[in-house]
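Student: Sending over a structure as structure tokens; questions will come in a sec.
Numbering (the working numbering), first residue to last: 131 to 277.
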């Protein structure tokens, strides 16, 4: 994985160094401009950049797979819902092509299925217990450790 991230980093750096202007920057482009040559703790900017990008990719792929698995399971166990979703796809997109980003706003029923899947089976715990690990002052108020 590190070698793939290194190639990606070098490709982005070559584009940046050659002055190739891209109308949109991706995450690695932004990280390169923010971290350019800095040392963060014991790590150089490239290591931090690669680790952050890989963490996002790996974390995102795992949660996506889990969500898709639950969505498929729910659809297979609710055949009427599956049929309605298929009908919506056939009407809004047709059978001749794949769904593209412009179609998403027209797929209201499918969006509801995704939202319901995420509501029933969130890919990560939300709003878990939190507490301060040390005393601090916020907005002029003292907050004790363990609060």
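Where a beta carbon is used, it is the ideal one built from N, C-alpha and C, also for glycine. If you're wondering where the values come from, they're calculated on a predicted model, not measured in any experiment.
With a 10 Å radius around its C-beta and 16 neighbouring C-beta atoms as the bar for buried, classify residue 202 as buried or exposed.
Tutor: Locating residue 202 in the chain shown gives position 72, counting from the first residue. With fewer than 16 Cβ atoms within 10 Å of its Cβ, residue 202 is classed as exposed.
Student: Which first and last residues belong to the beta strand (DSSP E) in which residue 239 is found?
Tutor: Within the chain shown, the letter at position 109 stands for residue 239. No beta strand (DSSP E) holds residue 239; the alpha helix (DSSP H) holding it covers 238-250.
Student: Thinking residue 166 and residue 142 are a contact (beta carbons under 8 angstroms), I'd like their distance in whole angstroms, please.
Tutor: For this step, residue 166 is matched to residue 36 along the chain shown. For this step, residue 142 is matched to residue 12 along the chain shown. That belief does not hold up - the Cβ atoms of residue 166 and residue 142 are roughly 12 angstroms apart, past 8 angstroms.
Student: In this structure, what does DSSP give as the bridge partners for residue 273?
Tutor: One-based indexing of the chain shown puts residue 273 at position 143. According to DSSP, which records beta bridges pairwise, residue 273 is partnered with 266.
Student: Can you tell me which of the three DSSP states residue 198 falls into?
Tutor: Within the chain shown, residue 198 is the residue found at index 68, counting from 1. DSSP places residue 198 in helix when its eight states are reduced to three.
Student: Does the Cβ-Cβ distance between residue 262 and residue 247 come in under 8 angstroms?
Tutor: As a position in the chain shown, residue 262 is number 132, starting the count at 1. As a position in the chain shown, residue 247 is number 117, starting the count at 1. Not in contact: residue 262 and residue 247 (Cβ atoms no closer than 8 angstroms).
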